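Residue numbers (our numbering), protein chains in the order written: chain G, 583 to 847; chain A, 583 to 847.
There are 2 protein chains.
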Amino acid sequence: MATGRTHRPATRSRGIPEATVARLPLYLRALTALSERSVPTVSSEELAAAAGVNSAKLRKDFSYLGSYGTRGVGYDVEYLVYQISRELGLTQDWPVVIVGIGNLGAALANYGGFASRGFRVAALIDADPAMAGKPVAGMPVQHTDDLEKIIEENGVSIGVIATPAGAAQQVSERLIAAGVTSILNFAPTVLSVPDGVDVRKVDLSIELQILAFHEQRKAGEETGGGAEAAGTPAEGTTGGASGTGAAPAAGRAGRRLRAQGRARG
Amino acid sequence: MATGRTHRPATRSRGIPEATVARLPLYLRALTALSERSVPTVSSEELAAAAGVNSAKLRKDFSYLGSYGTRGVGYDVEYLVYQISRELGLTQDWPVVIVGIGNLGAALANYGGFASRGFRVAALIDADPAMAGKPVAGMPVQHTDDLEKIIEENGVSIGVIATPAGAAQQVSERLIAAGVTSILNFAPTVLSVPDGVDVRKVDLSIELQILAFHEQRKAGEETGGGAEAAGTPAEGTTGGASGTGAAPAAGRAGRRLRAQGRARG
DNA sequence: ATGTCTTTGTGAACGCGTGCACAAAGATTG
DNA sequence: CAATCTTTGTGCACGCGTTCACAAAGACAT
């Protein structure tokens, strides 16, 4: 998962576990697809498959919302779409500002997934005066000087930070001071925010590093034989101890070997 | 967290819990920053603060890697950077392909965080013939027809999918058939992949929806008073039952009220 | 060398999330 | 109306992850 919860300890938000909340959008997406195909009802088994989760987990998730299913039949697609949307707060309009209109910010501004889910990009904000007035995604970029005014006038409570790491903390402080209470942070920094403010973090580099870890492990298993099998606590002092016998070449050599996807124990 | 683990049940990868692996890049980033400021050693307390986690958690995380600290002193920054990098497999070179060079794909291609961590963008691939040859991030876009050849020749084992949802599954199949075993998926779809292939998912829309949920809850607490307090199992049949009394206006009204960040229970 | 002080590394307890397995509920058929 | 069959909703047990709290380890001073 490319995300990273921050803050919000382990508090259940109202009886609905955080883990469940994180899956609701997944269900909603699958249900929307079914709705578009005019499928009237769906069983937990089918829906779970479409959402990529276990059916028992799905049923338990839904049980936190209430009893919206019919035994022997399944769930009414339209009704469930509505209930989940309402639970997530997507039946109302959420104005959002994007701060930092670089490559990523522009990509976000153009991203279609926002509008379709009750989110509306209210403004694009950048610190570069040269950007001001330039149209991005059919909308003029505004200067950081007007940040507070924009937030106020549009009643924005959700902000997206796509600035360089160095600017993120300061931007978050201005957003919060102006009234924003939820931040989606793409800058590779830990934001320190007051209580009552939610921060979610997306770090592309971190995701890749996690993949690299597993990738290395796969390669090590096949080239090295059983580097980790013995359960050695690892480590002498220098490098190249455990898995990475021939580090630079491992990427290639390993790759060719495991082409046929082994079974995972 | 913007991520979503997929596959890889609850298997510990070698004694290192998945949750720990997910935090290692965080520590690494904080350590790199310290290293650049030539800080020689750091205590678990300091480092934990910089990474935004609990110090006990950090120490336990490090204990899975081995005993790299010195009691009474702390951790040697340079040494720890090296150990974590090695553990994550970042001491070797990881060629990566990006498929789907739209706004997001281009943003990823330009993203600096890759190169600095051992990742190298080996190729940019797009299905649009009009894109072929066009330079993006100083690199010519190549056509999907050559996908297999590119993977083979560069020994690519990690692929990034930034295509529209409809194309993602097919692209993933081609990537996997050609030898890719780790995929970072930005398309809003559930990829179905064989065992042995890791998929991590980043969905911007999902992150926003999770924020909206908490945001709605904050607004509801203040405007509605105690809509959820009574613990009503919720639900009649139509809408507007529980929290969302005046749905359309709630965004604005709520926002102005909670401006001073309440304490969170 | 001895004592004090700092900080790590970890045993143990706790809580959340997951998955199994089944009883309850209702649809459907005869 | 009774029997059967499907599918939900959930009690329960298990395992992972987090956190506490403290003993062991080593630096540093005397």
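Quick reminder that beta carbons are idealized off the backbone N, C-alpha and C, glycines included.
Source: prediction; values computed, not measured.
If you compare the alpha carbons of A:726, A:625, A:793 and A:757 with that of residue 781 of chain A, the shortest gap goes to A:757. Straight-line spacing of the CA atoms in residue 681 of chain G and residue 739 of chain G works out to 13 Å. At a cut-off of 8 Å between beta-carbon atoms, residue 793 of chain A makes contact with chain G.
Under DSSP, residue 767 of chain A forms a beta bridge with A:743 and A:783. Taking C-beta atoms as the reference points, residue 690 of chain G and residue 607 of chain G fail to come closer than 8 Å. In terms of beta-carbon proximity, residue 729 of chain A stays away from the interface with chain G, with every pair separated by 8 Å or more.
Interface with chain G (8 Å Cβ-Cβ cutoff): residue 763 of chain A is included. Here residue 684 of chain A has 744 as same chain residues with Cβ atoms under 7 Å from its own Cβ, once five neighbours each way along the sequence are excluded. Beta-bridge pairing by DSSP links residue 658 of chain G to G:623. Per DSSP, residue 719 of chain G lies in no alpha helix (DSSP H) segment and is marked neither H nor E. Interface criterion not met: the Cβ of residue 651 of chain A is under 8 Å from no Cβ in chain G. Residue-level contact by beta carbon fails for residue 642 of chain A and chain G, as no gap is shorter than 8 Å. Close to residue 626 of chain A, with beta-carbon spacing below 7 Å, lies no residue of chain G; the smallest spacing is near 16 Å. Under the 8 Å Cβ criterion, the region 772 to 786 of chain A does not count as touching the region 711 to 730 of chain A, having fewer than three qualifying pairs.
The contact set of residue 685 of chain A on chain G, defined by CB atoms closer than 7 Å, consists of 688, 689 and 692 in chain order.
Put simply, the backbone Cα of residue 754 of chain G is about 11 Å away from that of residue 771 of chain G. A straight-line Cα-Cα distance of about 6 Å links residue 702 of chain A and residue 678 of chain A. According to DSSP, residue pairing for residue 795 of chain G in a beta bridge does not occur. Our two residues, residue 734 of chain G and residue 737 of chain A, have alpha carbons roughly 52 Å apart in a direct line.
Judged by beta-carbon spacing, residue 603 of chain G lies beyond the 8 Å limit of residue 644 of chain A, meaning their Cβ atoms are not closer than that value. In the three-state DSSP reduction, residue 802 of chain G falls in the helix class (H, G or I). Close to chain A, meaning a Cβ-Cβ distance shorter than 8 Å, are the following residues of the region 776 to 787 of chain G: 776, 777, 778, 779, 780, 782, 783, 784, 785, 786 and 787. By the CB criterion at 8 Å, residue 657 of chain G and residue 597 of chain G fall outside the cutoff. Straight through space, the alpha carbons of residue 641 of chain G and residue 619 of chain G are spaced by roughly 23 Å. Residue 622 of chain A does not reach chain G, its nearest Cβ partner there being about 18 Å away, counting only Cβ pairs nearer than 9 Å.
According to the DSSP secondary-structure assignment, residue 677 of chain G is paired through a beta bridge with G:702. Close CB contacts of residue 633 of chain G within its chain, under the 6 Å cut and outside five residues either way in sequence, are with 608, 609 and 612 (chain order). For residue 614 of chain A, the enclosing alpha helix (DSSP H) covers residues 600 to 618. For residue 688 of chain A, the enclosing alpha helix (DSSP H) covers residues 685 to 692. At least one C-beta of chain A is nearer than 8 Å to the C-beta of residue 800 of chain G. Considering only beta carbons, the part of the region 662 to 675 of chain A lying closer than 9 Å to chain G consists of 664, 665, 668, 669, 670, 671, 672, 673, 674 and 675, in chain order.
Secondary structure of residue 651 of chain A (DSSP, three-state): strand. Counting other Cβ atoms within 10 Å of its Cβ, residue 699 of chain A reaches 16 or more and is therefore classed as buried. Listed along the chain, the chain A residues whose CB falls inside 7 Å of the CB of residue 603 of chain G are 792 and 795. Beyond the five residues adjoining it in sequence on each side, residue 687 of chain G comes within less than 6 Å, by CB distance, of 680 and 744 in the same chain, given in chain order. Identification of residues in the region 609 to 620 of chain A having a C-beta nearer than 7 Å to some C-beta of chain G yields 611, given in sequence order.
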